[in-house]
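Note sheet for the following structure.
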Amino acid sequence: MAAVQPRLPAGAAMVRRLARGCWSAFWDYETPKVIVVRNRRLGFVHRLVQLLILLYFVWYVFIVQKSYQDSETGPESSIITKVKGITMSEHKVWDVEEYVKPPEGGSVVSIITRIEVTPSQTLGTCPESMRVHSSTCHSDDDCVAGQLDMQGNGIRTGHCVPYYHGDAKTCEVSAWCPVEDGTSENHFLGKMAPNFTILIKNSIHYPKFKFSKGNIASQKSDYLKHCTFDQGSDPYCPIFRLGFIVEQAGENFTELAHKGGVIGVIINWNCDLDLSESECNPKYSFRRLDPKYDPASSGYNFRFAKYYKINGTTTTRTLIKAYGIRIDVIVHGQAGKFSLIPTIINLATALTSIGVGSFLCDWILLTFMNKNKLYSHKKFDKVVDTLDQHLGQRPPVPEPSRQDPTSTDPKGLAQL
89 MAAVQPRLPA GAAMVRRLAR GCWSAFWDYE TPKVIVVRNR RLGFVHRLVQ LLILLYFVWY
149 VFIVQKSYQD SETGPESSII TKVKGITMSE HKVWDVEEYV KPPEGGSVVS IITRIEVTPS
209 QTLGTCPESM RVHSSTCHSD DDCVAGQLDM QGNGIRTGHC VPYYHGDAKT CEVSAWCPVE
269 DGTSENHFLG KMAPNFTILI KNSIHYPKFK FSKGNIASQK SDYLKHCTFD QGSDPYCPIF
329 RLGFIVEQAG ENFTELAHKG GVIGVIINWN CDLDLSESEC NPKYSFRRLD PKYDPASSGY
389 NFRFAKYYKI NGTTTTRTLI KAYGIRIDVI VHGQAGKFSL IPTIINLATA LTSIGVGSFL
449 CDWILLTFMN KNKLYSHKKF DKVVDTLDQH LGQRPPVPEP SRQDPTSTDP KGLAQL
């Protein structure tokens with residue numbers, strides 16, 4: 089008669105089962121179950137979704153966006169500008185030193201096209217401008233001595249005096265007299281301004297890729313003296329006519345010269361460094377930057393003064409309100425070069441995204457198809473753990489008595 093094997097404690101048996109399960113999971117290979125559903129419409133939707141995802145990644149992500157490249161935006165940039173040309177008003181010839189501000193040239197340069205001149209101003213007392221709020225008066229009682237208006241030209245003396253012309257009266261102020269609109273003269277400098285030339289010298293550097301380039305080609309020393317910009321024939325001659333810039337921005341030159349305005353010259357350096365250096369070229373565009381149709385803030389003007397001394401003592405000045413065309417040079421761009429890491433990441437994303445087609449079709453299959461319950465039964469297998477079935481449905485069998493060695497295990501649990 090065979091000896092009865094001793095039964096392991098319940099905890100030890102559970103540990104053994106877990107160990108066997110872990111060992112099995114380490115060595116076994118699991119693969120998802122594949123079910124072929126012969127449905128032409130569902131199959132067409134599946135392949136169409138996969139094709140659209142594939143086209144998106146191949147055409148847009150890899151070809152248009154070039155996501156296989158490492159990129160750098162915002163190049164380091166330097167800009168030098170130089171204006172040349174002469175013009176004339178009614179009684180004077182103007183050269184660069186007089187109509188260009190600031191004279192040293194930089195990314196922002198202003199070209200004066202019209203001025204309002206108030207000559208021979210001296211420190212004294214005179215009528216306030218009628219443009220100033222509450223400056224008109226009828227008697228001295230309307231003017232408070234010592235009152236200061238931040239929009240005015242000086243400090244009020246408390247007297248009501250006749251205006252420069254007409255029968256009106258304004259409060260007297262202690263200021264540079266006469267004030268601006270009292271005896272100002274108007275000079276238009278824009279007659280020959282469309283032929284002014286502007287040299288825009290620009291160089292950029294992408295530190296990540298150690299790449300540098302400028303917008304002037306390596307030519308003979310007198311190359312810039314005989315060329316003007318042309319995107320087709322001379323893209324590396326950055327000398328622009330002022331009239332050309334305004335025209336490319338879609339503006340009327342006479343109107344812009346009279347009221348003033350801000351024009352942006354945008355230089356775009358988009359470089360694919362997987363190609364040769366000659367393929368990295370600057371692209372120029374032009375547009376107006378100030379709000380043209382906003383009467384409260386359109387146009388561009390500024391004031392400055394020229395000071396003189398008469399007989400070494402009396403100081404006078406000429407006040408100039410200048411209207412002009414301000415040129416803002418803006419540089420931006422992006423450089424890219426092949427890199428293995430973004431390529432692997434985007435390839436993995438593309439392959440993973442193709443599975444969206446299967447997810448969509450499974451959702452349609454199990455939700456909207458007529459035989460969705462049949463498909464669900466075929467797709468998912470429900471397995472009930474046998475051990476849980478024994479423990480949950482059958483009562484435990486008492487352990488055999490040690491005084492009765494002939495007792496047997498009617499249910500065979502000792503063999504588990």
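Mapped onto the working numbering, the consecutive letters of the sequence shown carry residue numbers 89 to 504. For each residue, glycine too, the CB sits at the ideal point set by N, CA and C.
Between residue i and the rest of its own chain, which residues show a CB-CB distance below 6 Å, the 5 nearest in sequence each way excluded?
| i | result |
| --- | --- |
| V196 | D416 |
| I418 | G352 and I354 |
| A438 | F145 |
| N274 | E204 |
| Y294 | E160, P163 and A423 |
| N358 | G421 and Q422 |
| Q138 | I442 and G445 |
| D322 | C315 |
| H179 | none |
| V249 | P215 and E260 |
Have a look at residue i and residue j and give me their C-alpha separation to the nearest angstrom.
| i | j | result |
| --- | --- | --- |
| K425 | L361 | 5 Å |
| L448 | H134 | 8 Å |
| I292 | I327 | 18 Å |
| V220 | R405 | 22 Å |
| F276 | N356 | 34 Å |
| G302 | P282 | 26 Å |
| G348 | M238 | 25 Å |
| A512 | D269 | No statement about residue 512 is possible, as the shown extent of the chain runs from 89 to 504 and does not include it. |
| P190 | D255 | 42 Å |
| L236 | S223 | 11 Å |
| M89 | A100 | In this prediction, M89 has a pLDDT of 49, which is less than 50 and means its spatial position is unreliable; what the coordinates show is noted afterwards. C-alpha separation (whole angstroms): 27 Å. |
| K154 | G421 | 15 Å |
| Q508 | T342 | Nothing about residue 508 can be reported from this structure: the residues present for the chain run from 89 to 504 only. |
| S165 | K380 | 29 Å |
| G242 | F332 | 43 Å |
| V184 | T431 | 53 Å |
| I167 | T213 | 46 Å |
| K394 | G193 | 21 Å |
| L287 | R329 | 9 Å |
| P207 | K313 | 38 Å |
| K170 | G320 | 23 Å |
| V152 | L143 | 12 Å |
| T403 | C265 | 12 Å |
Tell me which residues share the same chain as residue i and place their Cβ nearer than 7 Å to its Cβ, disregarding the 5 neighbours each side in the sequence.
| i | result |
| --- | --- |
| Y251 | P215, M218, K257 and T258 |
| A233 | R244, T245 and G246 |
Quick one: what does DSSP say residue i is sitting in, helix, strand or coil?
| i | result |
| --- | --- |
| Q422 | strand |
| P266 | coil |
| I123 | coil |
| L277 | coil |
| G331 | helix |
| D360 | strand |
| A436 | helix |
| H314 | coil |
| D378 | coil |
| C449 | helix |
| E185 | helix |
| K371 | strand |
| N389 | strand |
| P174 | In the sequence under discussion, the amino acid at residue 174 is Ile, which differs from the Pro named in the question. Residue state, collapsed to three classes: coil. |
| P405 | Here the sequence assigns Arg to residue 405, which means Pro is not the residue at that position. Strand at R405. |
| D476 | Residue placement at D476 is poorly supported in this model, since its pLDDT is 49, which falls under 50; the coordinates still yield a value, given next. If DSSP states are grouped into helix, strand and coil, D476 belongs with the helices. |
Who are the Cβ neighbours of residue i in its own chain at under 8 Å, not counting the five residues just before and after it?
| i | result |
| --- | --- |
| A305 | Y311, Y324 and C325 |
| I141 | A438, S441, I442, V444 and G445 |
| D476 | Any answer about D476 is weak, because its pLDDT of 49 lies below 50 and its placement is not dependable; what the coordinates show is given next. If we look at D476 and ignore the five residues flanking it on each side, it has no Cβ neighbours. |
| V181 | I174 and T175 |
| T455 | none |
If you compare alpha carbons, which of the options is closest to residue i?
| i | options | result |
| --- | --- | --- |
| F317 | H253, L454 and T285 | T285 |
| A410 | L236, G387 and G421 | G387 |
| I397 | Q319, T440 and L211 | For clarity, residue 397 is Lys in the given sequence; the question names Ile instead. Looking at the Cα atoms, L211 is the closest of the given residues. |
| W451 | R126, I442, T161 and L130 | L130 |
| G443 | L136, V249, G331 and V103 | L136 |
| S177 | H226, K279, I432 and G240 | K279 |
| I413 | L377, Y148 and S272 | L377 |
| S364 | A423, N389 and K308 | A423 |
| D229 | G240, H247, S223 and R126 | H247 |
| V267 | E186, G240 and L287 | G240 |
| K172 | I243, W147, I199 and F150 | I199 |
| K296 | R105, R391 and S427 | S427 |
| I408 | R391, T401 and T402 | R391 |
| L435 | Q157, F132 and R202 | Q157 |
| F299 | R105, S366, R202 and Y187 | S366 |
| L453 | L344, V103 and I123 | I123 |
I'd like to know if residue i contacts chain B, where contact means its C-beta is closer than 8 Å to some C-beta of that chain.
| i | result |
| --- | --- |
| I418 | Protein chains in the displayed structure number just one, and chain B is not present. |
(request) Say whether the region 368-386 touches the region 335-354, bearing in mind that this needs 3 or more beta-carbon pairs closer than 8 Å, one atom from each stretch. (result) yes
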